[in-house]
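*Asks:* Supplied in structure tokens, the structure appears directly below.
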Amino acid sequence: MNKRLPAALTTLIALAAFTDGAAQSQPYYEGKTLRIVVGLGAGGGFDTYARLIGRHLGKHIPGNPTIVVDNMTGAGSILMTNHLYKVMKPDGLTIGHFNGAIILGQILGQKGIDFDARRFEYLGAAVKEDVVCGLTKASGITSIQRWQAAKAPVKLGGVAPGATPDNSGRILGAALGLPVQVVSGYKGTSAIRLAAESGELAGGCWSWESMRATWRKGLETGEVIPVVQIVAKPLPDIPNVPLAINFAKTDDARNLILVGVQNSSAFARPFALPPGTPGDRVRILHDAFHATLKDPAFLAEAKKARLAIDPITGAEMKQLVADVFKLDAAMIAKLKAALY
Amino acid sequence: MLAEMAGAFASGLTLVFTPAALGLMLAGIALGFVVGILPGLGGPTTLALMLPFIFTMEPAEAFAFLLGMAAVTATTGDITSILFGVPGEPTTASTIVDGHPMAKQGQAGRALGAALMSSLVGALFGAFALALAIPVVRPLVLAFGSPEYFMLAVLGLTFVAALAGDSLLKGLVAAGLGLMFATVGLDPISGTQRYTFDQLFLWDGIGLVPITIGFFAIPEIIDLAVRRTAIAREHFTRLGGVMEGVKDTFRHAGLVIRCSAIGAYVGIIPGMGGSVTQWLAYAHAVQSSPGRERFGKGAVEGVLGPGAANNSTLGGHLIPTIAFGVPSGVTMAILLGAFIIQGLVPGPSMLIPESRGGHLSLTFSFVWTIVIANIVTVAVCFIFLNQLAKVTRVRGSLLIPPVLLLIYLGAFAEKNAFEDLYLVLFFGLLGWVMEKLHWPRPALILGLVLGPLAENRLFLSTDNYGIEWLARPWVLVLIAATLAGALYPWWKARSQKRAASGVAAEPAAARSAGSILFTLTIVVVLGIAMWQSLDFGFRAGLFPWAIGFPVLALALLQLVIQAWGKEKLPASGLTLSDPGISAGVAARRTAGSIGWIAGFLAAIWLLGFLIGGTLCTFLLLKVGSRERWPITLALTAGAAAFVYFVFELGLRVPFPPGRLFEWLEPA
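Structure below.
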């Protein structure tokens, strides 16, 4: 071996130490880099919200840290959420953004989940996910009455077990006795939309906020009709579309709709910190997160991108998540039977 | 209507020719240029990193920026593929198969000229196809449903015959292995885990980026390390010129146009991106050119076909994205995000003139961006080409460390998943063995990229239509095309054999222990896979069974043929290296280089990318290759600066800290 090797090594390590050592200045976040890690792919809905928030979050945090948004995809965001729980440091420098549907997955014993959703420090969410079922005029199912009377199962598009379109369709079938066949395996709601337009499917159920934007033309021309909404009170722009819950005849049916779809809407798109993040940093980030959601510059860009903003606080979210864990075993069994 | 279209076409050009849009396009081109050349770091990764910058741009500017970047990566990616045998982009892997042998023969200039010129033709064709498709695209795409997509995937699989090389049997087994690798992950219907070994990172399947990089780059690095020469072994000056390659493009104009069409039209289908079309185009080049034994050894047609197709794919790809908001690949999914950020809703309104509330001019500005970006890129490339080609004369020992570092960096940066590095190593070794034993790697890749599409659409077809989908008119047409595609090579081979009967007999068959061992491994692994698949249940198990059992039978047949010593191998095919290096030396150097490649990964794991990568670059240069101090230090410093300034500071890739530092850190 070469004699000068140790010297070179020392230099290298010194170099690394230099690059790693951040200045110890007064506000904690000064000179720091704060990451928002999105558990889903770049360019999608989750990613777009995170990137938009990331553009404005820094200036609301004392010390004005650099904000970086990156993606860690895999297993419908379970991969990232496990990392957030077990691997990422609770130093207040990492915010995770994942699909809240996997919280229900934890209760139902979905495989691969290695986190306890109750222990995250929630910052809240920028928007709720209000589910509406849109069906094509060509399918003949133009109202819930026609749906109830349909002879053959109505084909709704699905993505994968546990995803919103799958859950919503299956819950409608189980709770309301509607003839439904969820055809799962489409690569996202855009593929479902295309299949519905080509006549392969009757339609699908997913967030109204996304449906009204991406299917605007179809909705305007009446080629696509919002047939039923799975929400607590009618959405302002579709006041006359009936509520699913009103067709539920038993308490069990009502509960299935509430737990399986409706109540999850508020924690569908959570921003959360690893468990054990110091309380003062959680507070700083929570306040900054919600200040961002009110920031006029942020709102202008959200408006341009047609992204709805309807904030949920961290405390509200924590409560809603805790509530789901109070379900009794009988209800969990019924949910499992309906969804899987 | 026509006048309106023409008006929008013209105003699309004016949208691009504003100072801001043009400036941003040039910035995008410059970025795409570099990203395309760097192996590993791919177009989609960079597009995602650039998304935040477009919030404040106007729509025409944002798309000039992003599309300018996306449009050129396939062109400059070809450069890396040809010069180093390392795919610059996953979509340019096929250019390696014949382009890199050309570089080794000292014809790098000609290969580059051919790749660039065919890329330009392909890009223009794709843009043209996009412009022409705009009025008719909606009914065209809506006529196709899941059954037709399934049949298209099957039709694509018949191209394996052309990719099979010496032995159709090996080609079929390799394609079958690719299809089996494609089943790794959650099955798309029931969510059952298949071959995931309880590893979450395998849930979404094996990423195409680590596979392509490992599969093609690692064998090339081993080869370079064993030979200890520059990439170019011979120096031809007469044939090596760039202009010769340009002329080749026009000599084979028909092929280039047909491959451009393959790229553009197959690219329309969701799920079939450049990673598929390049191989279809390559297969078409093999099938339609005289002398198929020239391929894989430096046939210029093998460069022209994929060169055109991977560029024309972008135009085709944009069609469903613009007209329906349905992304046909990763790049398009990110562009769709750009549409959202800009407040644009892809769909019918993109095809309606501005005067009626649509965005047709903007859509046409995409066409212009692709055209301009490619012309600029190719022009710039031509200025530097002869200089670039000289890289092939640099000695391999100086190229290996930076290329290895780039491969690992790129594999990580795609998904920020460290596990992908293990996949690079695994598929690298698999690719190396396959190359040495004359198993066709392209056939495996084709199976891998078409597998998920085929399975997904097969189930969607059956769920939606029962068995009746088989009777749909387009399905019948595609079944006929598939049969024709499958039978044509067989018929052609038969008639050629008849014509050539009586010519010299095949070289004496040789039995090789390594070869038999590899086939045996395939049989055993497939057997275990089949046994495991019994737990999958019907829905998740059907596809692995339908593929696995026939492939197992074919692999057994191959094993029997080999064990009986009946395999026909090219005479030169059994040694580890070229003549001039003794078998012992070659074996020692091979083992050494594999050790370095694995050690590099281990160092990154232990010390992190910056320190581990830098340290290994240093050790490889100083200890491994005994380079002189000045050049060692300069290259090492360059590598460290590159990782730190470009990846850590510039791109802010979240590198994990080395394990060692985690252990040392107080709890």
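So the protein sequences, as listed, match chains F and G.
Using the working numbering, the first residue of the first sequence is number 108, and each one after it goes up by one.
Using the working numbering, the first residue of the second sequence is number 27, and each one after it goes up by one.
For glycine and all other residues, C-beta sits at the position ideal for the given N, C-alpha and C.
Remember, predicted model here, so these are calculated numbers, not experimental data.
Count Cβ pairs between the segment 212-226 of chain G and the segment 86-104 of chain G that sit closer than 8 angstroms; are there 3 or more?
*Replies:* The answer is no - the segment 86-104 of chain G does not touch the segment 212-226 of chain G, with fewer than three Cβ pairs under 8 angstroms.
*Asks:* Per DSSP, what kind of secondary structure is GLN133/F in: helix, strand or coil?
*Replies:* Of the three classes helix, strand and coil, the one that applies to GLN133/F here is coil, per DSSP.
*Asks:* Could you tell me how far apart the beta carbons of LEU696/G and GLY66/G are, in whole angstroms, since I believe they sit closer than 8 angstroms?
*Replies:* Only positions 27 to 693 of chain G appear in the structure, and residue 696/G is not among them; the question remains open.
*Asks:* With a cut-off of 8 angstroms, do at least 3 Cβ pairs link the segment 684-692 of chain G to the segment 662-670 of chain G?
*Replies:* These segments do not touch.
*Asks:* Would DSSP call LEU228/G helix, strand or coil?
*Replies:* Residue state, collapsed to three classes: helix.
*Asks:* May I ask you to report which of helix, strand or coil DSSP gives SER297/F?
*Replies:* SER297/F: helix per DSSP, three-state reduction.
*Asks:* Helix, strand or coil, according to DSSP, for PRO333/F in the structure here?
*Replies:* Strand at PRO333/F.
*Asks:* Using a Cβ cut-off of 9 angstroms, pull out every chain G residue sitting near GLU408/F, in sequence order please.
*Replies:* Per Cβ cutoff of 9 angstroms: PHE81, THR82 and ILE367.
*Asks:* Am I right that ILE237/G and LEU430/G are in contact with their C-beta atoms under 8 angstroms? What's the rounded C-beta distance?
*Replies:* Their Cβ separation, rounded to whole angstroms, is 17 angstroms, which puts ILE237/G and LEU430/G out of contact at 8 angstroms.
*Asks:* Please say whether TYR229/F and PRO385/F have beta carbons closer to each other than 8 angstroms?
*Replies:* Taking 8 angstroms as the Cβ cut-off, PRO385/F and TYR229/F do not qualify as a contacting pair.
*Asks:* Tell me the rounded alpha-carbon separation between VAL389/F and PHE153/F.
*Replies:* Distance between the alpha carbons of VAL389/F and PHE153/F: 21 angstroms.
*Asks:* Nearest to ALA134/G by alpha carbon, out of GLY240/G, SER172/G and PHE408/G?
*Replies:* Considering only alpha carbons, the answer is PHE408/G.
*Asks:* What does PHE350/G touch in chain B if you count any residue whose Cβ is under 8 angstroms from its own?
*Replies:* The structure shown contains no chain B; its protein chains are F and G.
*Asks:* If you count every other CB in all the chains shown that lies within 10 Å of the CB of ALA259/F, and 16 or more means buried, which is it?
*Replies:* By the 10 Å Cβ count, ALA259/F comes out exposed.
*Asks:* Residues in the same chain with beta-carbon distance under 7 angstroms from LYS262/F, minus the five sequence neighbours each way, listed in chain order, please.
*Replies:* Closer than 7 angstroms at Cβ, skipping near neighbours: GLN288, VAL290, LEU308 and ALA309.
*Asks:* Only counting the same chain, and skipping five residues up and downstream in sequence, which positions put a Cβ closer than 6 angstroms to that of LYS196/G?
*Replies:* These residues qualify, in order along the chain: TRP465.
*Asks:* Along chain F, in chain order, which residues have C-beta atoms closer than 9 angstroms to that of GLN219/G?
*Replies:* Under the 9 angstroms cutoff, chain F gives LYS218 and GLY219.
*Asks:* Could you please give me the residues that DSSP links to SER314/F through a beta bridge?
*Replies:* Answer is VAL238/F.
*Asks:* Expressed to the nearest angstrom, what Euclidean distance is found between the alpha-carbon atoms of ALA530/G and GLU319/G?
*Replies:* Summary for ALA530/G: the model assigns pLDDT 42, below 50, so the residue's position carries little reliability; its value from the coordinates is reported in the next sentence. Their backbone Cα atoms lie some 15 angstroms apart in a straight line.
*Asks:* Name the residues in the segment 433-451 of chain G whose C-beta lies less than 8 angstroms from a C-beta of chain F; which are they?
*Replies:* Against chain F - using a Cβ distance shorter than 8 angstroms - the residues of the segment 433-451 of chain G are LYS441, ASN442 and ALA443.
*Asks:* Specify whether the segment 568-580 of chain G and the segment 490-509 of chain G touch according to this definition: at least 3 beta carbon pairs, one from each stretch, less than 8 angstroms apart.
*Replies:* No, because fewer than three Cβ pairs between the segment 568-580 of chain G and the segment 490-509 of chain G fall closer than 8 angstroms, the two stretches do not touch.
*Asks:* In three-state terms, what does DSSP make of ASN353/F?
*Replies:* Of the three classes helix, strand and coil, the one that applies to ASN353/F here is helix, per DSSP.
*Asks:* So, under 8 angstroms CB-CB, LEU719/G and MET83/G are touching, yes? Tell me the CB distance rounded to an integer number of Å.
*Replies:* With chain G covering only 27 through 693, there is no way to say anything about residue 719/G.
*Asks:* Smallest Cα separation from LEU41/G: which of PRO427/G, LEU504/G, SER391/G and ALA201/G?
*Replies:* Here the closest residue by C-alpha is SER391/G.
*Asks:* Going by CA-CA distance only, name the one from LEU560/G, ALA443/G, SER521/G and LEU470/G that's closest to TRP631/G.
*Replies:* Closest by alpha carbon: ALA443/G.
*Asks:* Thinking just about the alpha-carbon of each residue, which of ALA415/F, ALA436/F and THR296/F is nearest to the one in PRO343/F?
*Replies:* Residue ALA415/F is the option with its Cα nearest to PRO343/F.
*Asks:* May I ask you to list, following chain order, the residues of the segment 64-97 of chain G that have a beta carbon less than 7 angstroms from some beta carbon of chain F?
*Replies:* Result list: ALA74, LEU77, PRO78 and PHE81.
*Asks:* Please list the partners that GLY171/G has in chain F, where partner means a Cβ-to-Cβ separation under 8 angstroms.
*Replies:* Those are ALA302, SER305, GLY306 and GLU307, listed as they occur along chain F.
*Asks:* Could you pull out every unbroken beta strand (DSSP E) segment of at least 3 residues lying fully inside the segment 582-657 of chain G, listed in chain order?
*Replies:* Here no run is fully enclosed.
*Asks:* Just to confirm my understanding: we take SER619/G, look at its own chain, exclude 5 residues before and 5 after, and list those with CB closer than 6 angstroms. What are they?
*Replies:* So the list reads ILE248 and ALA251, once near-sequence residues are dropped.
*Asks:* Between the alpha carbons of ASP424/G and ALA665/G, how many angstroms are there, rounded?
*Replies:* Per the sequence shown, the amino acid found at residue 424/G is Leu instead of Asp. The straight-line gap from Cα to Cα measures roughly 12 angstroms.
*Asks:* Ignore the nearest five residues each way along the sequence and tell me which others in TRP229/G's own chain have a CB closer than 8 angstroms to its CB.
*Replies:* These residues qualify, in order along the chain: GLY211, LEU212, GLN219 and THR222.
*Asks:* Is it true that the CB of VAL266/F sits closer than 8 angstroms to the CB of GLY247/F?
*Replies:* Going by C-beta atoms, GLY247/F is not nearer than 8 angstroms to VAL266/F.
*Asks:* Could you tell me which uninterrupted alpha helix (DSSP H) segments, each at least 4 residues in length, are contained entirely in the segment 342-367 of chain G, listed from first to last along the chain?
*Replies:* 356-367, all fully within the segment 342-367 of chain G.
*Asks:* With distance defined between alpha-carbon atoms, name the residue in LEU168/G, LEU64/G, GLY139/G and GLY634/G nearest to PRO374/G.
*Replies:* With distances taken between Cα atoms, PRO374/G lies closest to LEU168/G.
*Asks:* Since LEU449/G is in the alpha helix (DSSP H), which residue starts that stretch and which ends it?
*Replies:* Where LEU449/G is concerned, the enclosing alpha helix (DSSP H) stretches over 445-462.
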